[in-house]
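A.B. asks: Each residue of the sequence shown is one higher than the last, beginning at 1 in the UniProt record's numbering.
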Amino acid sequence: YWICTINGCAAKVHTDLNNGLMKTVGNHSHLPEKEKLEVRKVREKIKQRAINEITPIPRIYDEECAKAMLSNTAIAILPSEREMSKKILFYIFLTVKIST
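#1: Go ahead and pull the three-state DSSP assignment for Leu70.
#2: For Ile46, does the count of other Cβ atoms within 10 angstroms reach 16, so buried, or fall short, so exposed?
#3: Taking contact to mean at least 3 C-beta pairs separated by less than 8 Å, is the segment 32 to 43 in contact with the segment 17 to 24?
#4: First and last residue of the alpha helix (DSSP H) that includes Leu37?
#5: If you run the structure through DSSP and keep just helix, strand and coil, what is Thr55?
#6: Suppose you measure from the CA of Glu64 to the CA of Ile98; what does that come to, to the nearest Å?
#7: Leaving aside the five residues before and after Cys9 along the sequence, list all residues of the same chain whose C-beta is less than 7 Å from its C-beta, in chain order.
#8: Is the beta carbon of Ile6 sitting closer than 8 Å to the one on Val39?
Written out as C-alpha cells, the structure is:
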C-alpha cells in the first residue's frame with residue numbers, strides 16, 4: 001500500500017501487484033504539492049537511467065533537468081547533482097550486494 005508523504009496526512013491507497021487501485025483510505029488534509037511531484041519524477045528518471053546505462057550520473061542529471069523544464073520552485077528544492085549521485089550510487093551498491 002501507499003501512504004502520503006506529508007506528515008499528519010491520513011490518505012492511503014492499496015494497490016495490487018500491477019499497481020491497480022484496489023482501495024483508498026482517508027482523504028488528503030492538504031493541497032497538492034506540484035513541485036514535489038515534479039522533482040520526484042525527475043529523480044526517478046535519473047535513477048532509472050543511472051541503473052540501466054553507463055552514462056555518467058552528472059551527464060544524466062544535466063540532461064534530465066534540461067528536459068524536465070522545471071518551475072523555479074521545483075528547481076529550488078531539487079537535490080544537487082552531487083547529493084543525488086551519492087544516493088543513486090549507494091542504491092546501486094546495495095542492490096548489487098544483495099543480489100550477489
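Ideal Cβ placement from N, Cα and C applies to all residues, glycine included. Since we're looking at a predicted model, the values are computed, not measured.
C.D. replies: Short version:
#1: Reduced to three states, the DSSP call for Leu70 is coil.
#2: Label assigned to Ile46: buried.
#3: Note that the segment 32 to 43 does not touch the segment 17 to 24; fewer than 3 beta-carbon pairs, one per stretch, sit closer than 8 Å.
#4: Start and end: 34 to 52.
#5: Coil, per DSSP.
#6: For Glu64 and Ile98, the distance between alpha carbons rounds to 28 Å.
#7: Within the same chain, Cys9 has close Cβ partners His28, Ser29, His30.
#8: In this structure, Val39 does not lie closer than 8 Å to Ile6 by Cβ.
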